[in-house]
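Structure first, commentary second.
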Amino acid sequence: MTERSESPVVSLLAAAGAVWLFMWKAAREVIVPPFEVRETIRQLYELGLRSAPLIAVSGVAVGVVLSMHTRASLERFGAESMIPAGLAIALVRETGPLTAGLLLSGRIGAGIGAELGAMRVTEQIDALEATAVDAFRYLVVTRVVACVVALPILTTLMNFAGMLGGYLAESAVSGMSLTMYFDRSFSLIGLSDYVPATVKTMVFGFIIATMSSYLGFTTESGTEGVGRASTRAVVLSSILIIVSNVVLVRLIFFIFPEVAR
Amino acid sequence: MNVAISPAVEEEKEAQIAAAVRLEHVCKTFGSRRVLEDVSFTVPVSCGFVILGRSGTGKSVTLKHIIGLVKPDSGRVFVGADEVSSLEGQELARVRRSIGFLFQNAALFDSISVGENVAFPLRRHTRLTDIEIRERAQVKLAAVGLEGEYDRMPAALSGGMKKRAGLARAMALDPPLLLVDEPSAGLDPITADEIDNLLFALNNQGGTTLVVVTHNIRSARRLGDELMILHEGRILAQGTAADLDQSHDDLVRALMASQHAG
Chain A
15 MTERSESPVV SLLAAAGAVW LFMWKAAREV IVPPFEVRET IRQLYELGLR
65 SAPLIAVSGV AVGVVLSMHT RASLERFGAE SMIPAGLAIA LVRETGPLTA
115 GLLLSGRIGA GIGAELGAMR VTEQIDALEA TAVDAFRYLV VTRVVACVVA
165 LPILTTLMNF AGMLGGYLAE SAVSGMSLTM YFDRSFSLIG LSDYVPATVK
215 TMVFGFIIAT MSSYLGFTTE SGTEGVGRAS TRAVVLSSIL IIVSNVVLVR
265 LIFFIFPEVA R
Chain B
41 MNVAISPAVE EEKEAQIAAA VRLEHVCKTF GSRRVLEDVS FTVPVSCGFV
91 ILGRSGTGKS VTLKHIIGLV KPDSGRVFVG ADEVSSLEGQ ELARVRRSIG
141 FLFQNAALFD SISVGENVAF PLRRHTRLTD IEIRERAQVK LAAVGLEGEY
191 DRMPAALSGG MKKRAGLARA MALDPPLLLV DEPSAGLDPI TADEIDNLLF
241 ALNNQGGTTL VVVTHNIRSA RRLGDELMIL HEGRILAQGT AADLDQSHDD
291 LVRALMASQH AG
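Taken in order, these protein sequences are the chains called A and B. Plus 14 on top of the position in the first sequence (first one is 1) and you've got my numbering. Plus 40 on top of the position in the second sequence (first one is 1) and you've got my numbering.
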């Protein structure tokens with residue numbers, strides 16, 4: 015007797031529907047008490063604070079590289095004085111949020127996928143439920159809140175680290191002072207540059223937490239499944255971040271037309 | 041205003057209260073595989089009830105039905121007067137607080153210490169202070185021979201110690217019903233006997249209702265006031281150990297005569 019197998023299209027649609035329902039449930043339960051305050055704070059530390067070194071170091075490196083590229087371009091027009099402002103706008107509007115989102119999808123996404131996957135295959139999630147604890151609320155909602163809160167803060171850290179990197183590169187070439195560099199950096203940046211671009215990373219945080227949690231929660235096939243969940247968490251979170259970024263940037267341009275100028 | 045209750049309804053209500061666990065015509069399928077087929081049984085309060093059978097016959101799935109981790113495709117599952125199979129959310133959580141569950145591989149939370157694993161249900165479901173919770177967790181650990189292990193991480197424990205810690209966590213809230221999945225699997229005979237002795241004491245002295253899934257016939261004879269054999273998702277036989285020893289069914293006799301059932 016052979017088993018009836020679903021077509022790939024049906025399987026894909028079923029999986030997309032399951033992910034969508036999972037995300038919807040997470041979004042709904044975030045605002046419904048009781049809140050797991052203690053566990054949320056622990057996740058903020060694990061997922062947020064412990065990601066800060068990665069973001070800070072990467073931000074400085076990105077800033078150095080961006081500064082070198084910006085200098086190469088602006089030098090041709092004799093507009094070297096615009097380097098700090100140009101770099102700051104690039105960082106705050108797009109490079110900082112997107113790079114932070116992708117870096118964190120790697121660190122946080124892999125971590126959540128592997129941790130929840132391991133908990134699933136070792137029956138720890140069942141054990142939580144058996145102890146009369148809502149595993150979804152305890153494991154997923156806490157991570158969603160932590161990611162949604164942590165992403166904008168880490169993005170802001172990335173922006174500042176990037177500007178610091180830009181300053182290091184610029185001071186090595188032109189000897190510009192720190193005060194002058196940051197004065198020029200902020201000269202062309204308004205709240206409409208910073209707020210929408212940073213707030214959109216809350217969506218990135220939601221995507222990373224829910225996608226990775228879904229893959230961890232639905233892990234099968236033992237340790238092999240855990241590895242697969244971890245890898246897929248990074249890949250799918252990254253793809254969703256890049257695709258959603260297109261939509262979000264379009265939305266920002268629509269709501270804040272001055273940003274598009 | 042008094043509402044007249046029919047004798048039949050009252051009788052059923054009394055039966056529900058007297059029974060710690062009751063399954064009625066439970067069927068369960070995973071994919072194309074039928075795991076349970078019309079399974080019905082009753083576990084009286086304070087009874088030691090043992091489910092035996094070869095591997096893959098639906099024993100663990102039956103336990104998970106009782107605590108509501110798995111829902112039946114058809115049929116009903118009762119714990120006391122509560123129909124677990126139809127409960128959700130807070131109502132299901134309320135019933136679960138009255139049940140302890142020892143998983144086959146203990147399923148300790150590996151990100152917290154052994155003591156915090158035992159303290160976990162107390163932190164979640166009681167208003168005890170931190171000091172009282174720690175004291176009570178230490179008492180439970182001592183009861184399973186793990187005194188002084190409060191701060192060790194689960195990864196540092198042997199298989200037997202993990203299982204004992206899992207039992208301490210299952211007993212943390214002093215539940216009237218304890219579900220135990222393979223208490224002696226993977227353990228040396230001495231540790232297995234120690235765990236059996238603990239369960240026996242809980243059942244005989246504490247009046248805790250036990251539902252135990254095991255492969256170990258010696259363990260089943262010691263813990264079981266009543267034994268049930270599952271085969272291919274159906275109940276093959278049920279009764280006391282003495283009843284099953286007299287069975288004319290070849291498989292039942294083979295299981296009862298064996299050292300391990302699967």
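For every residue, glycine included, the Cβ atom is placed at its ideal position computed from N, Cα and C.
Let me confirm a value: residue i is counted as buried when at least 16 other C-beta atoms fall within 10 Å, else exposed. Which label applies?
{"i": "residue 208 of chain B", "result": "buried"}
{"i": "residue 245 of chain B", "result": "exposed"}
{"i": "residue 195 of chain A", "result": "buried"}
{"i": "residue 292 of chain B", "result": "buried"}
{"i": "residue 47 of chain A", "result": "exposed"}
{"i": "residue 165 of chain A", "result": "buried"}
{"i": "residue 27 of chain A", "result": "exposed"}
{"i": "residue 118 of chain A", "result": "buried"}
{"i": "residue 186 of chain A", "result": "exposed"}
{"i": "residue 16 of chain A", "result": "Only weak support exists for where residue 16 of chain A lies, its pLDDT of 45 falling under 50; the value from the coordinates is given anyway. Its Cβ having fewer than 16 others within 10 Å, residue 16 of chain A is exposed."}
{"i": "residue 204 of chain B", "result": "buried"}
{"i": "residue 228 of chain A", "result": "buried"}
{"i": "residue 226 of chain A", "result": "buried"}
{"i": "residue 91 of chain A", "result": "exposed"}
{"i": "residue 284 of chain B", "result": "buried"}
{"i": "residue 230 of chain A", "result": "buried"}
{"i": "residue 169 of chain B", "result": "exposed"}
{"i": "residue 224 of chain B", "result": "buried"}
{"i": "residue 246 of chain A", "result": "buried"}
Going by the beta-carbon positions, is the gap between residue i and residue j smaller than 8 Å?
{"i": "residue 110 of chain A", "j": "residue 248 of chain A", "result": "no"}
{"i": "residue 295 of chain B", "j": "residue 269 of chain B", "result": "yes"}
{"i": "residue 242 of chain B", "j": "residue 161 of chain B", "result": "no"}
{"i": "residue 60 of chain B", "j": "residue 85 of chain B", "result": "yes"}
{"i": "residue 258 of chain A", "j": "residue 217 of chain A", "result": "yes"}
{"i": "residue 9 of chain A", "j": "residue 73 of chain A", "result": "Residue 9 of chain A is absent from the structure shown; chain A starts at 15 and stops at 275."}
{"i": "residue 116 of chain A", "j": "residue 255 of chain A", "result": "yes"}
{"i": "residue 65 of chain B", "j": "residue 100 of chain B", "result": "no"}
{"i": "residue 227 of chain B", "j": "residue 239 of chain B", "result": "no"}
{"i": "residue 69 of chain A", "j": "residue 202 of chain A", "result": "no"}
{"i": "residue 88 of chain B", "j": "residue 264 of chain B", "result": "yes"}
{"i": "residue 217 of chain B", "j": "residue 139 of chain B", "result": "yes"}
{"i": "residue 267 of chain A", "j": "residue 261 of chain A", "result": "no"}
{"i": "residue 112 of chain B", "j": "residue 157 of chain B", "result": "no"}
{"i": "residue 81 of chain A", "j": "residue 97 of chain A", "result": "yes"}
{"i": "residue 173 of chain B", "j": "residue 136 of chain B", "result": "no"}
{"i": "residue 75 of chain B", "j": "residue 273 of chain B", "result": "yes"}
{"i": "residue 224 of chain A", "j": "residue 135 of chain A", "result": "no"}
{"i": "residue 75 of chain A", "j": "residue 158 of chain A", "result": "no"}
{"i": "residue 190 of chain B", "j": "residue 177 of chain B", "result": "yes"}
Could you work out which residues of chain B lie near residue i, taking near to mean beta carbons separated by less than 7 Å?
{"i": "residue 136 of chain A", "result": "145, 147"}
{"i": "residue 147 of chain A", "result": "164"}
{"i": "residue 223 of chain A", "result": "None at all; the shortest Cβ gap to chain B is about 17 Å."}
I want to verify the contact list: residues of chain A whose CB lies under 7 Å from the CB of residue i, in sequence order.
{"i": "residue 63 of chain B", "result": "Going along chain A, no residue has its Cβ under 7 Å from residue 63 of chain B, so there is no contact; the nearest lies around 18 Å."}
{"i": "residue 215 of chain B", "result": "Result: empty, since nearest Cβ-Cβ is about 10 Å, beyond 7 Å."}
{"i": "residue 160 of chain B", "result": "145"}
Does DSSP put residue i in a helix, in a strand, or in coil?
{"i": "residue 169 of chain B", "result": "coil"}
{"i": "residue 70 of chain B", "result": "strand"}
{"i": "residue 82 of chain B", "result": "strand"}
{"i": "residue 256 of chain A", "result": "helix"}
{"i": "residue 46 of chain A", "result": "coil"}
{"i": "residue 94 of chain B", "result": "coil"}
{"i": "residue 93 of chain A", "result": "coil"}
{"i": "residue 227 of chain B", "result": "coil"}
{"i": "residue 249 of chain B", "result": "strand"}
{"i": "residue 57 of chain A", "result": "helix"}
{"i": "residue 264 of chain B", "result": "coil"}
{"i": "residue 108 of chain A", "result": "helix"}
{"i": "residue 126 of chain A", "result": "helix"}
{"i": "residue 279 of chain B", "result": "strand"}
{"i": "residue 269 of chain B", "result": "strand"}
What residues from chain A crowd round residue i, counting only those whose CB sits closer than 8 Å?
{"i": "residue 118 of chain B", "result": "Under the 8 Å cutoff, chain A gives no residues; its nearest Cβ is about 18 Å from residue 118 of chain B."}
{"i": "residue 137 of chain B", "result": "146"}
{"i": "residue 196 of chain B", "result": "By Cβ distance, chain A contributes nothing, its closest Cβ being about 16 Å from residue 196 of chain B, past 8 Å."}
Report the neighbours of residue i on chain B: residues whose CB is nearer than 8 Å to its CB, in chain order.
{"i": "residue 140 of chain A", "result": "104, 109, 143, 147"}
So does residue i have its beta carbon nearer than 7 Å to some heavy atom of the ligand ADP?
{"i": "residue 88 of chain B", "result": "The model on display carries no ligand, and the ligand ADP is accordingly not part of it."}
Between residue i and chain C, is the shortest Cβ-Cβ distance under 8 Å, so that the two count as touching?
{"i": "residue 182 of chain B", "result": "Given the protein chain composition of this structure (A and B), no chain C is represented."}
Ranges of the alpha helix (DSSP H) found wholly within the segment 142 to 203 of chain A, counting only runs of at least 4: 156 to 188, 192 to 201
Give, in chain order, every unbroken run of the alpha helix (DSSP H) that is at least 4 residues long and sits entirely within the segment 109 to 147 of chain B. With a minimum length of 4 residues, the continuous alpha helix (DSSP H) runs that stay inside the segment 109 to 147 of chain B are 129 to 136.
Can you list the alpha helix (DSSP H) stretches of 4 or more residues lying completely in the segment 179 to 224 of chain B, in chain order? 199 to 211
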